[in-house]
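Structure first, commentary second.
Protein chains: 2
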Amino acid sequence: MTDVVEIPAGERAYRELRRRIVSLDLKPNQAIGEVFLADDLSMSRTPIREALTRLSGEGLVDFRARAGTIVAPIRLEAVRTAQYVREKLELAIIEEAAQTSSNRAIFNIRQAIEEQRFSIQEGDAALFFSADERMHRCFSEMVGRSAVWTIISEAKRHMDRLRRLSLQDTDLNQLLGDHENILAAVEGGNVSEARDIMKLHLGRVMEDIDRLSTQHSDYFSQPENSDTAIAQ
Amino acid sequence: MTDVVEIPAGERAYRELRRRIVSLDLKPNQAIGEVFLADDLSMSRTPIREALTRLSGEGLVDFRARAGTIVAPIRLEAVRTAQYVREKLELAIIEEAAQTSSNRAIFNIRQAIEEQRFSIQEGDAALFFSADERMHRCFSEMVGRSAVWTIISEAKRHMDRLRRLSLQDTDLNQLLGDHENILAAVEGGNVSEARDIMKLHLGRVMEDIDRLSTQHSDYFSQPENSDTAIAQ
DNA sequence: AAGAAAAAATTTGTATACAAGTATACATAA
DNA sequence: TTATGTATACTTGTATACAAATTTTTTCTT
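Residue numbers (our numbering), protein chains in the order written: chain P, 8 to 239; chain E, 8 to 239.
The structure is reproduced here in structure tokens:
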């Protein structure tokens with residue numbers, strides 16, 4: 008009755024490698040040889056290659072034909088795009104959420120917020136971010152747009168590596184406060200207030216980019232040599 | 008000097024299969040055996056598999072373990088999501104475009120519109136849609152957000168198959184008229200008008216969905232059996 | 001004739017072999 | 001010392017072989 012499904016090697020490799028990349032366990036620009044990974048994950052090159060192909064499609068891995076494969080550098084252009092897409096979509100969603108009433112959704116959101124409070128007490132930032140993620144997804148589900156969150160989530164993955172870099176400098180209590188205010192506005196049906204707070208909230212992530220991209224310049228892709236680079 | 012680069016087999020397979028799927032040359036739900044494709048494209052299963060893996064990530068192909076691979080059915084949920092994402096992003100972009108001035112961009116857009124007019128004269132709908140695509144991309148580039156168009160474009164691919172189904176019933180002159188009005192509003196710096204026309208324009212695509220999903224029910228995925236399906 | 005069981009044929013998932021291009025180390029020459 | 005050419009070792013791209021699961025066909029029984 009209980010269908011115990013064996014997870015295929017290719018799928019395992021994909022999930023594990025994606026986890027390692029987004030968690031910065033594998034560093035941007037780091038070389039990742041297929042034979043090494045195959046040995047490391049106890050499988051052949053074929054499923055490893057399948058995983059890398061998928062990750063390459065998401066922009067997290069770069070193939071350099073016959074010269075090695077690397078973890079894709081953090082591309083500020085991709086981060087900027089992710090921020091834009093996230094803002095436009097999530098603001099639209101939060102506005103709709105404020106016009107919706109769903110006790111079930113509100114309950115889940117409140118629970119996620121409680122978990123965030125707990126994670127701050129415990130000093131567990133990783134837990135905070137997973138609860139944060141869940142909360143944002145809840146809003147999408149609340150308005151019947153869970154697939155939109157999937158798109159945000161994929162774009163956001165580039166931003167997530169940056170966020171991981173700024174972990175120690177982030178004031179989690181401030182983010183928690185934002186969340187509480189957003190929930191309050193949504194519950195109160197205050198559309199424009201929900202929107203304003205969310206906009207402010209989403210903007211915070213982008214604040215330290217300049218500092219980070221200087222501090223960890225080896226993690227970032229060099230901006231395109233524009234023709235005007237020499238002029239000054 | 009001229010770097011003649013050989014396109015790798017995997018890349019060729021990906022482009023060709025994607026083309027066949029989006030053009031409905033390969034029908035939704037149609038079985039596509041890897042060995043057949045390998046023979047058809049004169050390569051081994053490995054690059055075919057790479058292409059199918061990528062397409063699966065984009066939701067255009069479904070693997071059914073050891074039981075065959077099929078062209079993914081058109082999922083109305085994916086179409087609905089694409090429409091939502093496209094509207095939110097493209098409306099934001101057109102508003103910014105109306106506040107921007109770029110003779111270069113305007114020139115390209117006008118050129119794309121001219122090509123649309125030509126394609127209607129020639130009765131070449133495929134050409135119309137490729138020029139349509141180019142025009143929309145131009146607006147994104149105009150405001151420095153070309154990467155956003157890439158995201159729209161990928162989401163839109165599901166919609167494109169639906170659009171292909173409704174080709175003969177579509178009034179291309181009406182779409183062309185929309186385009187001209189949008190361009191005029193953007194040139195005139197009329198933000199809200201540009202937005203309104205664009206919104207109307209994007210809405211037209213969704214009009215015939217019910218009819219199409221009934222007429223070609225074998226191309227669509229059955230909607231999830233929701234728990235409330237019986238109640239009524 | 002109908003249904004169930006068994007066998008055969010397909011089909012994908014994974015492992016391995018080989019080919020071809022790339023980077024690196026090293027020797028050589030200026 | 002520095003630059004250059006060459007040989008060597010790596011690394012990926014593709015082909016092929018094999019295993020395991022599923023589907024289809026066939027056979028047998030009632």
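Every residue, glycine too, gets a C-beta built ideally from N, C-alpha and C.
At the C-beta level, E/V150 and E/I189 stay beyond 9 Å of one another. Look at P/K95: its C-beta is under 9 Å from a C-beta on chain E.
Contact residues of the stretch 36 to 57 of chain E toward chain P are E57 (C-beta to C-beta distance below 7 Å).
With a cutoff of 9 Å on beta-carbon distance, P/L83 and P/S228 are scored as near each other.
E/V150 carries a coil assignment under DSSP once its states are collapsed to helix, strand and coil. Taking 9 Å as the cut-off, the Cβ atoms of P/R211 and P/V29 do not count as close.
For P/V78, the enclosing beta strand (DSSP E) has its first and last residue at G75 to V78. Interface residue (Cβ-Cβ distance to chain P less than 9 Å): E/I158 is classified as such.
Taking a C-beta distance under 9 Å as the contact criterion, E/H208 and E/L179 do not qualify as a contact pair. Legend: CB atoms of the stretch 145 to 157 of chain E lying less than 7 Å from CB atoms of chain P belong to residues R152, A154 and V155. According to the DSSP assignment, E/V42 belongs to the alpha helix (DSSP H) that extends over E41 to D47. Under the three-state reduction of DSSP, E/R82 is assigned to coil, being neither helix nor strand.
The C-alpha of E/D46 lies about 21 Å from the C-alpha of E/A72. With distances taken between CA atoms, E/T177 lies nearest to E/F135 out of E/R141, E/W156, E/F135 and E/G196. About 6 Å separates the beta carbons of E/I120 and E/M142, which is inside the 8 Å limit, making them a contact pair. Counting only the Cα atoms, E/D139 lies some 12 Å from E/G184.
Here E/I159 is not near E/S173, since their CB atoms are 9 Å or more apart.
A residue is called buried when at least 16 other Cβ atoms come within 10 angstroms of its Cβ; P/V42 does not meet this threshold and is exposed. For E/A72, the nearest CB of chain P lies under 9 Å from its own CB, placing it at the interface with that chain. The secondary-structure analysis by DSSP pairs E/V68 across a beta bridge with E/V78. When rounded, the separation of the alpha-carbon atoms in E/S137 and E/D69 is 27 Å.
Taking 9 Å as the threshold, the shortest C-beta distance from P/R61 to chain E falls below it.
Counting along the chain, P/S126 sits inside the alpha helix (DSSP H) bounded by residues N110 to E129.
In chain order, K95 make up the part of chain P whose C-beta sits under 7 Å from the C-beta of E/A99. When C-beta atoms of the stretch 15 to 22 of chain P are compared with those of the stretch 47 to 62 of chain P, three or more pairs fall below 8 Å, so the two segments count as touching. Between P/H186 and P/Q123, the gap from beta carbon to beta carbon is short of 9 Å.
For the pair P/R52 and P/K163, the CB atoms are not nearer than the 9 Å cut-off. Around the beta carbon of P/I14, fewer than 16 other beta carbons lie within 10 angstroms, which makes this residue exposed. Counting along the chain, the unbroken alpha helix (DSSP H) around E/L219 starts and ends at I216 to Q222. With its beta carbon at least 9 Å from every one in chain E, P/G75 lies outside the interface. Less than 9 Å separates the beta-carbon of E/V86 from that of E/L169.
Rounded to the nearest angstrom, the Cβ distance from P/A105 to P/A201 is 4 Å, consistent with a contact under 8 Å. Contact note: E/E84 reaches chain P through A154, using a C-beta cutoff of 8 Å and chain order.
Close to P/V92, with beta-carbon spacing below 7 Å, are these residues of chain E in chain order: L96, V155 and I158. In the DSSP secondary-structure assignment, E/A38 is bridged to E/I77.
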